[in-house]
Amino acid sequence: MTSNQHAAQFNGFLPQAAGIALSATGICRHFGATQALDQMELQVLPGEVHGLVGANGAGKSTLVKILSGALKPDSGTITVGGWHGESLTPRRVQQLGLATIFQERSLAPNLTVVENIVLGRERTIAGLFLTPDHQQHDVEDVLRRVGLNVSPMTPLSQLSPAAQQLVEIAKALYRGARLIIMDEPTAVLGAAETIRLLELVRDLSSKGVAVVYISHHLHETLALSDRVTVMREGRAVLTAPSNSMTPQTLVEAMIGRHVALARPTQLKLGDVVFSARALGQGRRLFGINLDLRAGEIVGLTGLVGSGRSRLARVIFGAEQPDSGEMFLFGKPYHPASPAEAITLGVGLVPEDRKTESLLQQMTVAQNVTLTRMPATPYCGFIRLGEEQRTAMAWVKRLKIRSALPGFPVSTLSGGNQQKVAIARWLHTKARLMIFDEPGQGVDIGAKEEILQTIGALAGDDCAVLVISSDLEELTQVANRVLVLRQGRIAGELTGAEVTEQRVLELAMGTTLPVSMDEPVA
Amino acid sequence: MTSNPENAVGARTNVKPRLPALGRTVRVYRSRIALASVILLLIAITATQSSVFLTVHNFVNVASQVAVLGVLASGTTLLMVSRGMDLSIGSSLSLSGMVLAFVMLQGAPIWLAIVACLAVAAAVGAVNGTLASYSPIHPFVITLGVLTLLQGLALLVSQTPLYGLPNEFITWGRLKFLGLPIAVVVFALVALFCHILLRATKLGRWLYAIGGSESAAHLAGVRIRTVKIGIYTLNGLLVGIGSILLVSQIGSAGATMGAGQELSAIAAVAVGGTTLAGGKGDMIGTLLGVLLLGLISNALNLMSISPNWQYVLQGLVIVTAVMAQRDAK
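So the sequences go chain by chain: P and B.
Under our numbering, residues 1 to 521 are what the first sequence spells out, in order.
Under our numbering, residues 1001 to 1329 are what the second sequence spells out, in order.
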């Protein structure tokens, strides 16, 4: 008896002989005004490796959450084996032999390997006391299958991220999984570990376990998978045998349209305000070279996790680089904290408005003046009247609608909140501004105004770095666009070169990186 | 874009409603009104039961009974607004009071004893602040440990209460200004100081910001650690002031005289609408909370209800008052 059959029989599931392992049809799901999934279709055959690709925001994560029972779809049908219904629950997912390996580990670090694997399936005496053997034999069996050579009694926290991932897969197999969804499984792995994981996926597939493989690595996905589905704007736009596709054709399918993008008017550039040379941080940023000039708006894009926000935090002093140098107005610049960066004239509008940018319980006025309060030089008494007037001036200038300085900022809409966040830095008179996803969660009208404000800032001789996944937004404001891939600048695009095709190719690495910013290994 | 929205904004701005600077919304007022009603109800009921309750003398009496608690609650308000917590204030009160009495009994001048007392209490605060800002452990747990440690130190100074303090000190503690005991005056000054600090200074604004979201405050340039250490130290200093008041009121110092005071202070602050989650609250709420606690025990005393029932009723009122404010979160 193979170990595969053993695990399957132990859990009362017989291998599916034929048919479809998983079928999801007409799946819709919205968040507020955003349609995350729109009539999504996915069919996975038993034992196949099914690649799933798409740009940021295409709806992959939402689909994964629905298939793992964490989210309910608005409508649609899901069929697994003989079961079909509208939505899954985590419990049903287990019973049906589905499993998801998320990007973030979902194991308990303080428990041992065996405790993690049997968690929720412990064999007990009288429903209370654990049996002494801890099902160790079965656990050793699944660990062997995933090729993990550790004692089952090892605490999980002592394992490397790669080994922890294998424990997750072992846990799925222990539960008799017939279909495993892997969301960006190689993101945390080194080269050798990646090769091992890919071998494991092929091995699982040959033993009849289907794998849905979600990845930004197009080469890897095509080489590994039998079939591939491309998602765009919440739908499957293409499902095809992988050997009929190339990375380029995948990227074309992900974009699907060629929009005429508006170009910003060429501004006259001033002196270099900020530069970075060979800036590096751990395994997140490598050899970043960057020059930002007064009056210039530079776009920075890349996949989520490519190091965009991290670079912004390093420039702003919220994180420290390990190597390289930074200069501000020609002088060496090593901010130890945001407070120091702010006094030197640097500002950052973080991506997460709720927890990183605005203080929700505080008023509009208090949020606007937080970095530069109108206060007496001694004792720091705030001139409350002047604070209200200052805030009112910004409310009017940035057209922050239906807001009074005394309103709690939480009562404002997303777009108006973002304007408050921007007003803070205009009030601080920052000379180098970084905007992290300034248009996220903002309605179209407000977005337009925010982009105009950013443009005006550059007209005022401020150097501006705009981080965004939204290419239309970037092409509208940025003079040039830098593309990050895995912590490196993969290329720089200007003028007519800035197309979604080129950006995605650089971001996903379908072509060799452009030479100029290639780090010195 | 049409000009309508702009006009709408313009029209509203001309009205210039005078909203308070701290931006308390109607909802916050609602919970404030609820608390004030509970206090008024308590006053009304007690007034019918006791003839001496509604006298100036009795209210001065209540004020001087809550003075020390009020000073502690003022400092605790500053901490809780910034999502901090110091459970060691009760035993710090005991320790610094023991130091005060001990130094005086050695024949040292009174001013030196006072300096020593304040220095000990402020140092305790500074240590708590440093631990709270450099360690990821919740200050609740850290200061719980410090509580025990300080209690031990206070007992090491002397297991028996220290009597026989200089007459000068005792008479000083009985001074009155405008008919008010000095403890009440000091409490009023401390409360006013904390009120202004929270409402109209940069430091106060930073406390609200840190309590609201530490990462947002950090990214807005607030020097979190400096502010935290500073505010815990200030809180320690206030504990020292409270301990001088307490020792002068009772005329001696005992190693366990502050036990449980931290919980009363936190209860008063919480009743006053400052949440453990931080980012909101103010001194006016704390004053109401302190007043409520003081009135309850005064009223129950006047109605000759046994101290055991006092605990029960006091607990019930605290829970009710806090629950009544739940919607203000």
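Every residue, glycine too, gets a C-beta built ideally from N, C-alpha and C.
For the alpha helix (DSSP H) containing residue i, list its first residue and its last residue.
i: P/Arg397; result: 384 to 397
i: B/Ser1076; result: For the sequence presented, residue 1076 of chain B should be read as Thr rather than Ser. Run containing B/Thr1076: 1056 to 1081, per the alpha helix (DSSP H) assignment.
i: P/Leu224; result: 218 to 224
i: P/His137; result: 136 to 145
i: P/Ile214; result: Premise fails: P/Ile214 lies in the beta strand (DSSP E), 210 to 214, not in any alpha helix (DSSP H).
i: P/Thr62; result: 60 to 67
i: B/Ile1089; result: 1089 to 1105
i: P/Leu482; result: First-last for P/Leu482: 480 to 485, but that is the beta strand (DSSP E), not the alpha helix (DSSP H).
i: P/Arg196; result: 191 to 206
If you run the structure through DSSP and keep just helix, strand and coil, what is residue i?
i: B/Ala1259; result: coil
i: P/Lys331; result: strand
i: P/Asn289; result: strand
i: P/Asp183; result: strand
i: B/Pro1348; result: It is not possible to answer for residue 1348 of chain B, since the shown part of chain B is limited to 1001 through 1329.
i: P/Cys379; result: coil
i: B/Leu1019; result: Note on B/Leu1019: pLDDT 46, under 50, position unreliable in the model; no value is reported.
i: B/Ile1305; result: coil
i: P/Pro73; result: coil
i: P/Ser469; result: coil
i: P/Thr229; result: strand
i: P/Leu156; result: helix
i: P/Ala260; result: Its pLDDT being 43, under 50, P/Ala260 is placed unreliably in this model, and the value from its coordinates should be taken loosely. Three-state result, P/Ala260: coil.
i: P/Ser323; result: strand
i: P/Asp517; result: Here the model assigns P/Asp517 a pLDDT of 39, short of 50, so the residue's position is not dependable, and the following value carries that caveat. Of the three classes helix, strand and coil, the one that applies to P/Asp517 here is helix, per DSSP.
Taking the beta strand (DSSP E) that residue i belongs to, which residues open and close that run?
i: P/Gln43; result: 34 to 44
i: P/Val298; result: 297 to 302
i: P/Leu52; result: 49 to 54
i: P/Ala29; result: Residue identity check: residue 29 of chain P is Arg in the sequence provided, not Ala. Counting along the chain, the beta strand (DSSP E) containing P/Arg29 begins and ends at 22 to 31.
i: P/Gly347; result: 346 to 349
i: P/Ala240; result: 235 to 241
i: P/Gln281; result: 272 to 281
i: P/Glu168; result: Run containing P/Glu168: none in the beta strand (DSSP E); it sits in the alpha helix (DSSP H), 161 to 174.
i: P/Thr494; result: 488 to 494
Are the C-beta of residue i and some C-beta of chain P separated by less than 7 Å?
i: B/Leu992; result: The structure shown has nothing for residue 992 of chain B, since chain B only spans 1001 to 1329.
i: B/Arg1083; result: no
i: B/Arg1223; result: yes
i: B/Ala1113; result: no
i: B/Gly1023; result: Below a pLDDT of 50, predicted positions are generally treated as unreliable, and B/Gly1023, at 46, falls in that range; no measurement from the model is reported.
i: B/Pro1005; result: Annotation note: pLDDT 37 at B/Pro1005 (below 50); position unreliable, no value reported.
i: B/Leu1035; result: no
i: B/Lys1228; result: no
i: B/Thr1201; result: yes
i: B/His1218; result: yes
Any beta carbon from chain B within less than 7 Å of residue i's own beta carbon?
i: P/Gln361; result: yes
i: P/Pro377; result: no
i: P/Phe435; result: no
i: P/Met254; result: no
i: P/Gly380; result: yes
i: P/Ser160; result: no
i: P/Ala262; result: Per-residue confidence for P/Ala262 stands at a pLDDT of 48, beneath the threshold of 50, marking its modelled position as unreliable; the derived number appears in the next sentence. Not an interface residue.
i: P/Thr371; result: yes
i: P/Ala430; result: no
Would you say residue i touches the ligand MG, meaning its beta carbon is less than 6 Å from a heavy atom?
i: P/Glu193; result: This structure does not include the ligand MG; it has no bound ligands of any sort.
Review point. Between the region 1202 to 1212 of chain B and the region 1225 to 1236 of chain B, do three or more beta carbon pairs fall short of 8 Å?
Key: As far as the Cβ criterion goes, the region 1202 to 1212 of chain B touches the region 1225 to 1236 of chain B, which means the pair count is three or higher.
Exercise for review: Entirely within the region 405 to 461 of chain P and at least 3 residues each: give me those beta strand (DSSP E) ranges in chain order.
Suggested key: When DSSP assignments are scanned along the region 405 to 461 of chain P, the uninterrupted stretches of beta strand (DSSP E) that are 3 or more residues long and fall wholly within it turn out to be 432 to 436.
Practice item. Could you tell me whether the region 350 to 365 of chain P touches the region 444 to 461 of chain P, where touching means 3 or more Cβ pairs closer than 8 Å? Key: The region 350 to 365 of chain P, when compared against the region 444 to 461 of chain P, does not touch it at the 8 Å Cβ threshold.
Point to revise | Continuous alpha helix (DSSP H) assignments of at least 4 residues falling wholly in the region 1197 to 1284 of chain B | key: 1202 to 1212, 1214 to 1219, 1224 to 1250, 1261 to 1271
Check your understanding: With a cut-off of 8 Å, do at least 3 Cβ pairs link the region 392 to 400 of chain P to the region 321 to 335 of chain P?
Key -> Too few Cβ pairs lie closer than 8 Å, so no.
Point to revise | Contact between the region 1137 to 1154 of chain B and the region 1084 to 1093 of chain B (3+ Cβ pairs under 8 Å) | key: Between the region 1137 to 1154 of chain B and the region 1084 to 1093 of chain B, the count of Cβ pairs shorter than 8 Å is three or higher; the stretches touch.
Check your understanding: Contact between the region 1184 to 1192 of chain B and the region 320 to 334 of chain P: three or more CB pairs below 8 Å?
Key -> no
Practice item. Report yes or no: do the region 204 to 219 of chain P and the region 179 to 189 of chain P share at least 3 C-beta pairs separated by less than 8 Å? Key: yes
**Study point:** Contact the region 136 to 143 of chain P vs the region 69 to 85 of chain P: 3+ CB pairs below 8 Å
**Key:** no
Review point. Does the region 337 to 348 of chain P come close enough to the region 1171 to 1189 of chain B that 3 or more CB-CB pairs lie under 8 Å?
Key: no
Exercise for review: Determine, using beta-carbon pairs with one atom in the region 116 to 124 of chain P and one in the region 186 to 206 of chain P, whether at least three such pairs fall under 8 Å.
Suggested key: No, they do not touch.
Exercise for review: Indicate whether the contact test is met: 3 or more Cβ pairs, each with one atom in the region 420 to 433 of chain P and one in the region 451 to 466 of chain P, closer than 8 Å.
Suggested key: yes
Point to revise | Completely contained beta strand (DSSP E) runs for the region 79 to 112 of chain P, where each covers 3 or more residues | key: 83 to 85, 98 to 101
Practice item. Report yes or no: do the region 1254 to 1266 of chain B and the region 1039 to 1047 of chain B share at least 3 C-beta pairs separated by less than 8 Å? Key: no
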